[in-house]
Amino acid sequence: MIASVSQYILSVENSLLMFRTLRDIEPVRGIDGKPICYTGNSAIIFKVRLYGELKALRVYMRHHPNLRAIYRDNLYPRELFICHEGDEEMWADVVLCEWHEGHTLQREIAQHAGNSEAMMQLAQRFEQFAARILDEEWAHGDIKPDNIIVDDEAMHLIDHDAAYRNGFTSEDCIELGSRQYQHPARSAENFGIHIDDYPIALITTALYALAYDSSLAATLHNSDYLLINPAHAIEDRDLTLQHIEELFAARGDAYHLYIARLLHSRNIVLFNLRSYLDPAPPPACNSEELSLNCAHGLWGYTRGDEWIIPPLYDLGFEFSEGTALVQLGRVWHFIDEKGRTIITCGKGHGIKPMRDGKSHIVYEDGSEAIIYRNGEIKKI
2 MIASVSQYIL SVENSLLMFR TLRDIEPVRG IDGKPICYTG NSAIIFKVRL YGELKALRVY
62 MRHHPNLRAI YRDNLYPREL FICHEGDEEM WADVVLCEWH EGHTLQREIA QHAGNSEAMM
122 QLAQRFEQFA ARILDEEWAH GDIKPDNIIV DDEAMHLIDH DAAYRNGFTS EDCIELGSRQ
182 YQHPARSAEN FGIHIDDYPI ALITTALYAL AYDSSLAATL HNSDYLLINP AHAIEDRDLT
242 LQHIEELFAA RGDAYHLYIA RLLHSRNIVL FNLRSYLDPA PPPACNSEEL SLNCAHGLWG
302 YTRGDEWIIP PLYDLGFEFS EGTALVQLGR VWHFIDEKGR TIITCGKGHG IKPMRDGKSH
362 IVYEDGSEAI IYRNGEIKKI
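In structure tokens form, the structure reads like this:
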């Protein structure tokens, strides 16, 4: 049996008669007098009030076998009687969740695109939020800007219908998420705890790119993607992603360059993503205690067996005079003992670690410069 959206709305409006147990629900109405609601893939979501508290009421238009495992006590099976034109009785499962006031991340991005400072705040908030998600023992399954509500204090995930929970198998995979944010290899067979890796890396990369280069905002209006097309990214032919990687390299942002490079992965499990997403500050130490080491083709710095500055750099030199010379892409930088970029040297060759407070570089165009420990660069 199939009922129209208007018939579901009519049933919710007549809560006293149509609900089995939730008869005190009151739909919140907009300025047009109609119940505030929007339609998702499998449910209609209403803004309602119950005993004075705002709630989100998800009314399911078709059967979803995982609702109990995902929503637990918030599920009310066969709760709402649906007014429809057929002869058979029709009941809908409903889920009652917290209502989050605010705007979607999609709207926040559109509103602040072109404002580097506001976009940086949004990027940092999302990164911290995403790190907490990856620390959980479940996965959302459809992370995208439209499924994240942003308020003054926090970000909130909504619509958990595609979620992974402990004990789920490929047979429990009902949805594959929105393709604009998912790894192209996402399938029921790899349904598991890592399905959020790719969308988190993609959104993090895009937000920081928009914060660093406000001109990228112009592309948002002409594409279905948030700057990056996953299918093109894993095939190394996404030109915007190439630009973003060069942007991060030029700014000495090693952590976000690492995350951006993960978007080329052909595996949906992104190696060490959580370690480099919103990392804890390194422990205090002197540069003399640090040794150059390599892991997985990248260079970083250890104290004994402990990574102090993780392997992030394409090339590196030992610390000298409190600085270490490192390369990201084709760009050379000097970093301090906390891994902070303190001097950006540019693209060139023949550069060496600091000696007597200075270094020397030959740029790609053949010009030369002296780089001083205080950050001054003088062409010669």
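Using our numbering, the letters of the sequence shown map in sequence onto residues 2 to 381. Ideal Cβ placement from N, Cα and C applies to all residues, glycine included. Here the structure is a predicted model, which is why all the values come from computation and not from measurement.
With a threshold of 8 Å, are at least 3 pairs of Cβ atoms found where one atom belongs to the region 55 to 73 and the other to the region 30 to 45?
Cβ pair count under 8 Å is three or more, so yes.
Sort D315, I159, E176, D143 by Cα distance to V96 and report the nearest one.
It is I159 whose Cα lies nearest to the Cα of V96.
Could you spell out the range, first to last residue, of the alpha helix (DSSP H) harbouring Q122?
Here the alpha helix (DSSP H) through Q122 covers 117 to 135.
Rounded to the nearest angstrom, what separates E307 and I204 at their Cα positions?
Rounded to whole angstroms, E307 to I204 spans 30 Å at the Cα level.
Distance cutoff 9 Å, beta carbons only. Does T206 sit that close to anything in chain D?
The structure shown contains no chain D; it holds only a single protein chain.
For L135, I'd like the list of residues in its chain whose CB is within less than 8 Å of its CB, leaving aside the five on either flank, ordered along the chain.
Only D197, D198, I201, L274, R275, L278 meet the Cβ criterion.
Would DSSP call Y373 helix, strand or coil?
Y373 falls in the strand class under three-state DSSP.
Suppose the cutoff is 7 Å on Cβ atoms and the five residues either side in sequence are ignored; what does the same chain contact list for L1 look like?
Nothing can be reported for residue 1: it is not among the residues displayed for the chain, which extend from 2 to 381.
D239: buried (16+ other C-beta within 10 angstroms of its C-beta) or exposed?
Counting Cβ neighbours within 10 Å, D239 comes out buried, since at least 16 surround it.
So which of T105, Y52, R356 has the shortest CA-CA distance to D153?
Nearest of T105, Y52, R356 to D153, Cα basis: T105.
Does DSSP put T170 in a helix, a strand or coil?
In the structure shown, T170 sits in coil (DSSP, three-state: anything other than H, G, I, E or B).
On the three-state DSSP scale, how would you describe L316?
DSSP places L316 in strand when its eight states are reduced to three.
Suppose you measure from the CA of Q112 to the CA of I150; what does that come to, to the nearest Å?
Their backbone Cα atoms lie some 14 Å apart in a straight line.
Using the rule of at least 16 other Cβ atoms within 10 Å of the residue's Cβ for burial, across every protein chain shown, is V327 buried or exposed?
So V327 counts as buried.
For E54, which three-state DSSP category applies?
Reduced to three states, the DSSP call for E54 is strand.
Output the boundary residues of the beta strand (DSSP E) element that contains I362.
359 to 364 is the extent of the beta strand (DSSP E) around I362.
Pull up the CB-CB distance for L68 and W100, whole angstroms please, since I reckon it's below 8 Å.
Incorrect: roughly 19 Å between the Cβ atoms, too far for contact.
Have a look at A261 and A250 and give me their C-alpha separation to the nearest angstrom.
Using only the alpha carbons, I get a separation of about 11 Å.
So if DSSP puts C98 in a beta bridge, which residue, or which two residues, is it bridged to?
C98 pairs with A57.
From which residue to which residue does the alpha helix (DSSP H) around R24 run?
Segment: none, R24 is in no alpha helix (DSSP H) and carries neither H nor E.
Taking C-alpha atoms, which residue in D143, I310, N75, L177 lies nearest to C295?
The shortest Cα separation from C295 among D143, I310, N75, L177 belongs to I310.
Is it true that the CB of S292 sits closer than 9 Å to the CB of E322?
Not closer than 9 Å, so no.
Closest to E172 by C-alpha separation, out of I46, F127, Y373, G193, would be which residue?
Residue G193 is the option with its Cα nearest to E172.
Would you grab the beta carbon distance between R394 and M156 for me? Rounded to a whole angstrom, and I think it's under 8 Å.
Given that the chain is displayed from residue 2 to residue 381, the structure contains no residue 394 and the question cannot be resolved.
On the three-state DSSP scale, how would you describe S292?
Correct three-state label for S292: strand.
Which one of C98, P78, E102 has the shortest CA to CA distance from W92?
When each option's Cα is compared against that of W92, the closest is P78.
For G330 and A255, what's the separation of their Cα atoms in angstroms?
Those two C-alpha atoms are separated by around 10 Å.
I need the DSSP call for P231, collapsed to helix, strand or coil.
Looking at P231 - three-state DSSP - the assignment turns out to be helix.
For G349 and E247, I'd like the C-alpha separation in whole angstroms.
So the two alpha carbons sit approximately 15 Å from each other.
Does DSSP put E307 in a helix, in a strand, or in coil?
Note: E307 maps to strand in three-state DSSP.
Keeping to the same chain, check which residues put their C-beta closer than 7 Å to that of E365; ignore five residues upstream and five downstream.
Contacts found: K348, G349.
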